[in-house]
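Participant:
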Amino acid sequence: MSDVVERTLSVLPGLLGQHDPGAGPGGAGGPGRASATSRLGSLIRSITALTSKHEEEKLIQQELTSLKVAVSAPTTTLRLMKECMVRLIYCEMLGYEASFGYIHAIKLAQQGNLLEKRVGYLAVSLFLHENHELLLLLVNTVVKDLQSTNLVEVCMALTVVSQIFPREMIPAVLPLIEDKLQHSKEIIRRKAVQALYKFYLIAPNQVQHIHDKFRKALCDRDAGVMAASLHIYLQMIKENSSGYKDLTGSFVTILKQVVGGKLPIDFNYHSVPAPWLQIQLLRILRLLGRDDPRMSELMYDVLDESLRRAEINHNITYAILSECVQTIYTIYPNSELLEKAAKCIGKFVLSPKINLKYLGLKALTYVIQQDPNLALQHQMTIIECLDHPDPIVKRETLELLYRITNGQNVIVIVQKMLDYLKETKEEYAIINLVGKIAELAEKYAPNNEWFIQTMNAVFSVGGDLVHTDIPNNFLRLLAEGFDDGKEDDKLRMYAVKSYLALLEEEDALYPQKFLQVMSWVLGEYSSLVTDVDPEVILTKLHSLLKKTFVTSETKVWIMAAVTKIASRTSSSKAVDELIQEFSNSLDTCMRQYAFELKNLCEDKALMKNLLPFDASCSDMVVDASLSFLDGFVAEGLGRGAAPYKPHHQRQEEKLSQEKALNFEPYRLSFASSVSSSGITGRQSPTGLSFGSDTSVNSAETGHKETSTLKLEGVRKLWGKEGYLPKKENKEGKEKEPQTVSCGSLSAGQVGDPPALRSDQVASISEEDKEKQQLASTLFIGLGSNAGVSLMGKADTATQKFKRKSKINEIQHSEEVSDFQNSTVSDFGPLLDTVPINVEDSEGSLHTRLRKASLCSSDIVEDNLAFEMPQSFKKSGLDERLSDNRLSQSSLFADSNIEIFQPSPSAQCESASKTPLVPSLPEELEELTHSEVVELCQSDALALYLCKVWTDDSLLLTVFVSNKTTAVLNAVNLVFEEAEHFQILESPSHQFPVIEAKSVERCQKCVWMGKICSQGFLSGSVNYQSEMEMHLDFSITLSLMDFIRPMEMTTEDFGKLWLSLSNDVKQNIKMSSSQGSLSAALNTLQQKLKLHIVDVIGNEGILACQLLPSVPCLLHCRTHSGMLALWFRSPCSALPDGLLYQCQKVMEES
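The sequence shown begins at 3 in the numbering used here and counts up by one.
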């Protein structure tokens, strides 16, 4: 350690004095520099020589005190400030706060020379986080440095932007960074790409309009710029792989050049050409090749070459091999590559090195679902890993066994997991394992006794670390039961008996969640056990309440159980004692429960009605609108009470009426590189003219100052009503949708592994016999001739505990009243995320004609290190290898639909030529509609679609054309449940008869339930021909399909503006053809269906609504070739979606 410290101290003078004027022996700054450097060196030496933490704290506090005096002194020079910043950085690195120096770090970045500015930027990036309020003071400095001609200053500014720049300040620098993509120096272009990648991660909607520039970066002549762009593409392809299929050839070409050593030698690492670049490209190809034979075929050669060249024994080549294996097993399969990947996995698993063995187990866990024979080949190695001294290897082995669990080996595997659970003390391992054990027990339990005992072990060993979903699901399973009522009662009776036996044990300490489970089960089902007196159960629960280790929450569960049992008994001495004891308790909750129990016991009839037996799953209708209060509300309004207003609306009205000065600090304007006259934070746009939001960046960057007085851009603070207050809008970010982990699926019946020969059995040792016997129980159910059913694949066996839901889901349809009388809570459903339900269809006699469609879900998370490829979900590996054909229909994209108003004569003429081509009825022809396009077709049927944009919904008109000369009976059209869209009527429609060579149609009204720029509504058609046929289709829908103009007056606009809380601001460059505000507004009106409310000078206000009645208001202002947009809406996602559409429309026009 001392050697490291000495080497560090030896280079400090060079670091701190590099390019420092006057640093020579005779320079003016020589003695000061040497003194400062020696002070830092002495500080480091002093800290390393200390022997206790207390001495270190005392020394650091003394240093911070002296530094605070030094940086606050008015005589401190920038050079001395630089030295103090280095010492402050060192103190912060040790974990001691030095917040007094943050503002001085910003000043140093603003005022110093290159070396001082470098230290200032470094200190700022280490001291502050991206939401720190002091970052606002750095914006002008960053903008100035981005426009500098000095490359070092530009690089420093780009580095800070890519590290800590917050989302709200992106518009201030985005145009400048876009220009840097065309810079002549490759380091500038590379850092600009890195900054845009940061912007894409925190605000993807603000950089969607420059995707074409990302493609130019991918083709940049410098390999570093190209490598930087791969980070952006990897993130975008994760979200929407279908949109970048055309780049597959480019990525393959780049990987070929990298593997072939075409890049400069500077990119090599241990003689391996650009290994991290190879890993990025392999991950991208893995996403592009999934379930796509045509794209996968382009990758086979380069993957084979990557496997062949990555043979150097080094950790980095092992990483490349691991990525290659994952890619080979993810894309459409190739037999030769699969064989080579299997050999590679075998080398890893059999390696004596722990890291390689772990890597092999990880890869084996990933591919076991596609090739279960690999587990059979290495079964003895896996058995040995169960007793490996490294806990990470043992844990990964259990994960592998979890993936191969089926109904035949579940007992052995769960026991191995429980053994490890009892040994480990790691919190993460306990939480992870108890979830897996509970899942396997529910899915593959051989009998009731084993299931209850296993769950008891989970609750006992897992303790309070058990996730709340596990006991909740267990209790729900007991309550909902199965298809057989007798089996339900047997399971419940065994659970009651097991819990009574556990409570018999004296001085036993059970986790709180386990006690809660016991209490609920005893309260609900103790009456099923007829040979136990209820008084005995009540006595045990009473004694449990007296235990000191029982928490208040658990006591509530116990009291609830006592109340339920008491409702089924005529009288109980234990209940009377309990009521008397807890009626005077200091715990208010227990005293309340005792009082309630006392009153209920006095009226047994009421008690039985309130607490019926086994009614935990009875249907309950919840009146979410609180209609029982309508009379009370009407009475209050009749007496003159004011209608209810939400909290934020009351705050806005209060602020608009105040006449006091506003002492809140200025905030950043939403102008990008200029601060044009903005919009007052909470002032109505229809009142006085808009003043700028801030004076931090008030002058246009890059324009020279003039001696004349410039009033443009100056905030107007005074009006007819006095001082205009401003309130900063601080709204929370949108909630991230929670990812829903897919449950494992059960296993099928398979054969036993081949038996050993008798002569071999005689020669092996006793230990080997035990391992082989364990292997025969663990790997039973795996084999090439058996129907393998693994975790995560389709379940072909009957699940032991198959839940039967007793809860009828009730869908409430609520009418939307006029917006002026509604509250923001009316728009709650739009802010909620809907779980994604994915149902894999079973292989059957149905003929499936899949139509390729574009995936554009706005939320796609891929947090798993190894994800199961979709290409293996519906059929086995051998089937996929033999079937290399994929039928694809033409893609129906929304961008191909042109809105037109056809003349009746043209339609009649068209219909006479092609009698099977459908046409709209007369009542719909007058409405705005799209062309009739083909969705999909088979030999017998063809499906067509026409969108009709009505005032209150999107009307999807689907035509079903019978192409045969025979009559088709019972044609059933079904729309699947979609994440983003809601079909107002029934999602299905049945055509009883479709005559030969004729067309039938159906109409469905659709709303958007969750905001997205573009989504898909999928469905299928089932019909009977020679055999039962199944035809799938997918309809592309965009946000603009559900946007309608919203007519209102300027006064109504102003009132509504104040009541809305979610806003988004952005500046857009205007082209030469859009030089005026009127041209820009006309473009938005025509392309986005926005209503122009009013135009005042260079400002305009527009309004629209998302069906059925979610408003969105827009304020526009032009200045210096920029169009400043400000959206407001009660729905937080709607402004972002419309902003993206505005950027797209303005660029296209």
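Built from N, CA and C at the ideal position, the CB exists for glycine as well.
1. State the DSSP-derived secondary structure class of LYS1006, mapped to helix, strand or coil.
2. In its own chain, which residues sit with a C-beta less than 7 angstroms from the C-beta of ASP303, not counting the 5 before and 5 after it?
3. Report the option in SER74, LEU203 and ALA230 whose CA atom is closest to the CA atom of PHE216.
4. If you draw a straight line from the C-alpha of LEU300 to the C-alpha of ILE281, how long is it?
5. List the DSSP bridge partners of VAL960.
6. Can PRO473 and PHE484 be called in contact, C-beta distance under 9 angstroms?
7. I'd like the span of the alpha helix (DSSP H) that includes ASN242, first residue to last.
8. Label ARG310 either buried or exposed according to how many other C-beta atoms from any shown protein chain fall within 10 Å of its C-beta, with 16 as the threshold for buried.
9. Between the Cα of VAL261 and the Cα atoms of GLU555, VAL274, THR151 and ILE190, which residue gives the shortest distance?
10. Less than 8 angstroms between C-beta atoms, sequence neighbours within five positions excluded: which residues of the same chain meet that for LYS606?
11. What does DSSP give as the partner residue(s) for SER1022 in the beta ladder?
12. Rounded to whole angstroms, what's the CA-CA distance from ALA596 to THR541? Just pull it up for me.
13. Restricting to Cα atoms, I'd like to know which of LEU1115, ILE1098 and THR456 is closest to LEU1062.
14. Strictly by DSSP, which residues pair up with ARG1046?
15. Leaving aside the five residues before and after GLY251 along the sequence, list all residues of the same chain whose C-beta is less than 8 angstroms from its C-beta, in chain order.
16. For the beta strand (DSSP E) holding ALA1126, just list the boundary residues, first then last.
17. CA-CA distance, ILE322 and ALA312?
18. What does DSSP give as the partner residue(s) for ILE62 in the beta ladder?
19. Whose C-alpha, out of TYR946, ARG223 and ASN1064, is nearest the C-alpha of GLN651?
20. Between the alpha carbons of THR407 and LEU442, how many angstroms are there, rounded?
21. How far does the alpha helix (DSSP H) with LYS427 in it extend, from its first residue to its last?
22. Among the residues of its own chain, which have a CB less than 6 angstroms from the CB of LYS342, if the five just before and after it don't count?
23. Would the segment 987 to 1005 count as touching the segment 956 to 969 if we require 3 or more Cβ pairs under 8 angstroms?
24. Just how far apart, CA to CA, sit LEU792 and GLY409?
25. Per DSSP, what are the beta-bridge partners of GLN1145 in this structure?
26. Which residues in the same chain as LEU136 place their Cβ atom closer than 8 angstroms to its Cβ, once the five residues preceding and following it in sequence are excluded?
27. Apply the 10 Å Cβ neighbour rule to SER748 and answer buried if 16 or more other Cβ atoms are within range, or exposed otherwise.
28. So ASP2 packs on TYR334, CB below 8 angstroms; how close in whole Å?
29. Output the residue ranges of the beta strand (DSSP E) runs that lie fully inside the segment 553 to 634 and measure 3 residues or longer, sorted by chain position.
30. Report the partner residues of HIS991 according to the DSSP bridge assignment.
31. Would you mind sorting GLU881 into buried or exposed? The rule is 16 or more other CB atoms within 10 Å of its CB.
32. Go through its chain and collect everything with a Cβ distance to ALA576's Cβ below 7 angstroms, but skip five positions before and after it.
33. Counting Cβ pairs closer than 8 angstroms, one from the segment 578 to 597 and one from the segment 554 to 567, do we hit at least three?
34. Assuming ARG1119 is part of the beta strand (DSSP E), what are its boundary residues?
35. Taking all protein chains shown into account, do 16 or more other C-beta atoms lie within 10 angstroms of the C-beta of SER1134, making it buried, or fewer, making it exposed?
36. For SER1073 and SER1080, what's the separation of their Cα atoms in angstroms?
Facilitator: Working from what's here:
1. Strand, per DSSP.
2. If we look at ASP303 and ignore the five residues flanking it on each side, it has no Cβ neighbours.
3. Per the Cα distances, ALA230.
4. Cα-Cα distance, rounded: 18 angstroms.
5. According to DSSP, which records beta bridges pairwise, VAL960 is partnered with LEU947 and CYS1004.
6. Their beta carbons are not under 9 angstroms apart, which means PRO473 does not touch PHE484 by this criterion.
7. Per DSSP, ASN242 lies in no alpha helix (DSSP H) segment and is marked neither H nor E.
8. Looking at its Cβ environment, which holds fewer than 16 other Cβ atoms inside 10 Å, ARG310 is exposed.
9. Of the candidates GLU555, VAL274, THR151 and ILE190, the one whose C-alpha sits nearest the C-alpha of VAL261 is VAL274.
10. These residues qualify, in order along the chain: SER569 and SER572.
11. Its beta-bridge partners are VAL976 and ASP1034.
12. ALA596 and THR541: Cα-Cα distance of roughly 16 angstroms.
13. The alpha carbon of LEU1062 has as its nearest neighbour, out of LEU1115, ILE1098 and THR456, the alpha carbon of LEU1115.
14. DSSP lists GLN1107 as partners of ARG1046.
15. Its chain contains LEU300 as the residues whose beta carbon lies nearer than 8 angstroms to that of GLY251, once the 5 sequence neighbours on both sides are disregarded; these appear in chain order.
16. Unbroken beta strand (DSSP E) run through ALA1126: 1124 to 1131.
17. If you draw a straight line from the Cα of ILE322 to the Cα of ALA312, it comes to about 7 angstroms.
18. BP columns for ILE62 are empty, so no partner.
19. The shortest C-alpha separation from GLN651 is found at ASN1064.
20. CA-CA distance, THR407 to LEU442, rounds to 8 angstroms.
21. From DSSP, LYS427 is part of no alpha helix (DSSP H); its letter is neither H nor E.
22. The beta carbon of LYS342 sits closer than 6 angstroms to the beta carbons of LEU309 from its chain, once the five residues preceding and following it are set aside; these are given in chain order.
23. Segments in contact, yes.
24. Note that LEU792 scores a pLDDT of 38, beneath 50, so its modelled location is shaky and nothing firm can be said.
25. Partner(s): none; GLN1145 has no beta bridge.
26. Within the same chain, and ignoring the five residues on either side of LEU136 in sequence, the residues whose Cβ sits closer than 8 angstroms to its Cβ are TYR104, ILE105, ILE108 and LEU130.
27. With a pLDDT of 34 at SER748, under the threshold of 50, the predicted position of this residue should be treated as unreliable, and no value is reported.
28. Coverage of the chain is limited to positions 3 through 1151, which leaves residue 2 absent and any answer about it impossible.
29. DSSP assignment within the segment 553 to 634 yields no whole beta strand (DSSP E) run of 3 residues or more.
30. According to DSSP, HIS991 bridges with LEU975.
31. Bear in mind that the predicted position of GLU881 carries a pLDDT of just 42, short of 50, making it unreliable; the figure below should be weighed with that in mind. With fewer than 16 other beta carbons inside 10 angstroms of its own, GLU881 counts as exposed.
32. Closer than 7 angstroms at Cβ, skipping near neighbours: GLU537, LEU540, THR541 and HIS544.
33. They touch, by the three-pair rule.
34. Residues 1112 to 1121.
35. SER1134 sits buried, since 16 or more C-beta atoms from the chains shown fall within 10 Å of its C-beta.
36. SER1073 and SER1080 have their C-alpha atoms roughly 13 angstroms apart.
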